[in-house]
Structures are given as C-alpha cells and as structure tokens.
Amino acid sequence: MALGNRKRTDTGSVLASDTQLLSLGHVDIPAFDWPIAKFPRYKYPLADNKAYNDAQDKECLKDVQEKIAEWKKKDHDVAAIIVEPIQAEGGDNYGSPAFFKQLQKIAADNGIVFIVDEVQTGGGGTGDMWAHSHWNLDSPPDIVTFSKKLITGGYYYKENLRIKEGYRIYNTWMGDPTKLFLLEKVVEVIKRDDLINKTKLVGEYFQSELANLQANHSSKVSQARGLGTFAAIDFPNASVRDQLVEKAINLGLHCGGCGEKSLRFRPSLVYDKKHVEITFDLLDKALKQL
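Here full-length UniProt numbering is used: the sequence shown runs in plain steps of one and ends on residue 290.
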C-alpha cells in the first residue's frame, strides 16, 4: 500500500514503482492493482490550522485502516506500507510526527512492513540526515530507502527482514562498487564540515525569510512550508507559478515547480546564510515582475 496523491506524481514520488498514480510518465506501463491510501493535505501556518490538520490526519489514517480491511476481504493481505516523509513530486505535502507514529502503529498491529521512502528527503536537507528522524518514532522503520544525493540506490532494514539464503536477492549490473567509494567520501565531508547542523541553522533563517516573502506577496504566495532548507510555497495556479519560475531563472535563480502549483526549494548542504539572502532577493524581484 502507498500513501499518495493521485492527482500529481511522477518518478521519485511516493510510489513510482506502484505505477497507479496518475502521470504521463506511466503511459504504456502496466499497472499493478495495489491500494493507494490518502495522504494529509495541510493548511499553513500549522499553528493557525490545528483543528483542520488534525482532521486530515484522522481521515487519512481511517482510510489506511479501511484499505487494509478491504483488501483482506479480497484474500490479499497488505504486505507493506510505503510512504515518503514529504510527498515531494506530489507538491511537497507533509505529514505530522503524530500521523506517522500512528501509521507505523497501524502497520505493526496488522503485521505489515513499514517502509519509509527517503530517496528525496534523505541526505540532510531537512536538517537531519533522515527526515523520519523528526518524527521521534518509538522504533525505527522496518525499511528505509535512499538514493539521489546519496549517490547510489540502497536501503536499510531491520534484522528480521534479512534474507537468510545467500544470493537469493542479488544482481551484478547494478552492483557498482565505485558508487560506494563516492558515498563514503560524501558522508566523510558531511561529518567533517558539520553540514547537517549547519543546514539546520541555515534552515531556520530560510524558513523565516520564506514567511517574510509570503507576507510581502500574500496575493501571489501561500502555504509556506518546510523542514530545514527542504521547502515549498504555493501560487494561485500553475500558470502563475510557471511565470515566476521563468522570471526567476532569467534573473539567475535556478528553481523549479512540483505538484500542481508549488515552487520547491532544494539547496545543497553547502548553502549558507548569504545564499539565502541572494535567493530571496531574486525571488522578490521576480514576484514584482508578475
């Protein structure tokens, strides 16, 4: 089972391999008949919308439980729940720590493997090496997947999921040992330069400037949200968002959209306070041109 937004997703989203989510990227790709449960769609600021967001959590968790029961009646037990900490390609949709704790409990109570897809969120951008660390789970996820900025595709897993028979799961064409050397160096630099902690501190400044940008351009910008420097804002519609992206790029700011009408931010770990100031100066100029 995946938790996702059927309206907008693509490769790298909550369950690209599921092939059920609506996307041109899946045209001509056979689809598995697997369940997809709802994922919360919060309103921001979080403090001003607690009742609404709590209701979103309850609705989505109820949907998960109903899907599990529905498929059990079909004699198809749900084997695993896979979810992104932040539904990235779907428009940077977030779930609360309370939501994910309950989701993990539902999985455990039903003998279901709890898989966290950190392909986009892993690597430090949220102010922690792993976005799921922000949830303060009582126990780790059963499986955590990673890739992209961590150079190679891989996953962590609990000991009880370890395959006992040698060579039961393996291949050679993806087994590139040089990627492991590159990853080792990346991790070494992250630790040496304390980049995770620096990103957390820069992220606080970034989030403050993001809120200021929204306040100064409230007719165009809404739903400012993020963890660390992993962030997004919404626009009235896709057309306005796309115009902003074009103008920002022309001013020298590399940026891109996600979801239906969101602009996402994905700075590297060496992104510093001075870069935050440049970013928002250019965004302010681009917004004034709309």
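For each residue, glycine too, the CB sits at the ideal point set by N, CA and C. Computed from a predicted model, the values in this text were never measured in an experiment.
Would DSSP call residue i helix, strand or coil?
i	result
residue 110	coil
residue 265	strand
residue 232	strand
residue 88	coil
residue 49	coil
residue 136	coil
residue 145	strand
residue 2	strand
residue 202	helix
residue 21	Its pLDDT being 48, under 50, residue 21 is placed unreliably by the model, and the measurement read from it follows with that caveat. In the structure shown, residue 21 sits in coil (DSSP, three-state: anything other than H, G, I, E or B).
residue 83	strand
residue 192	helix
residue 117	strand
residue 208	helix
residue 289	coil
residue 68	helix
Taking the straight line between their C-alpha atoms, what separation do you get for residue i and residue j?
i	j	result
residue 42	residue 56	7 Å
residue 140	residue 286	43 Å
residue 85	residue 94	7 Å
residue 265	residue 72	40 Å
residue 58	residue 100	11 Å
residue 182	residue 49	43 Å
residue 255	residue 51	33 Å
residue 200	residue 147	21 Å
residue 47	residue 70	35 Å
residue 237	residue 258	12 Å
residue 190	residue 115	25 Å
residue 142	residue 263	32 Å
residue 156	residue 149	16 Å
residue 179	residue 151	6 Å
residue 288	residue 217	9 Å
residue 108	residue 78	12 Å
residue 273	residue 76	51 Å
residue 282	residue 119	29 Å
residue 35	residue 64	9 Å
residue 284	residue 159	50 Å
Short of 8 Å in beta carbon distance, which residues of its chain neighbour residue i, apart from the five on each side in sequence? Order them along the chain.
i	result
residue 290	220, 240, 243, 244 and 247
residue 212	280
residue 261	91, 234, 235, 236, 237, 238, 240 and 241
residue 53	40, 42, 43, 46 and 96
residue 123	129, 146, 148, 149, 150 and 269
Report, in whole angstroms, the separation of the C-beta atoms of residue i and residue j, which I expect to be a contact under 8 Å.
i	j	result
residue 106	residue 161	Not quite, the Cβ-Cβ distance comes to about 18 Å (not below 8 Å), so this is no contact.
residue 87	residue 32	Wrong, their Cβ atoms sit about 20 Å apart, outside the cutoff.
To which residues of the same chain is residue i closer than 7 Å at the C-beta, ignoring the five residues directly before and after it?
i	result
residue 126	134, 227, 228 and 230
residue 276	202, 205, 206 and 209
residue 136	97
residue 117	14, 82, 83, 84 and 145
residue 225	44, 92, 94, 231 and 232
residue 193	none
residue 68	78 and 110
residue 214	221, 222, 224 and 233
Quick one: residues in its chain with C-beta nearer than 6 Å to the C-beta of residue i, no 5 flanking neighbours on either side, listed in chain order?
i	result
residue 267	229
residue 121	85, 86 and 131
TODO: Go through the stretch 238-283 residue by residue and report every complete run of the beta strand (DSSP E) that reaches 3 residues or more, in order.
DONE: If only complete runs of 3 or more residues are kept, the stretch 238-283 shows the beta strand (DSSP E) at 256-258 and 262-265, in order along the chain.
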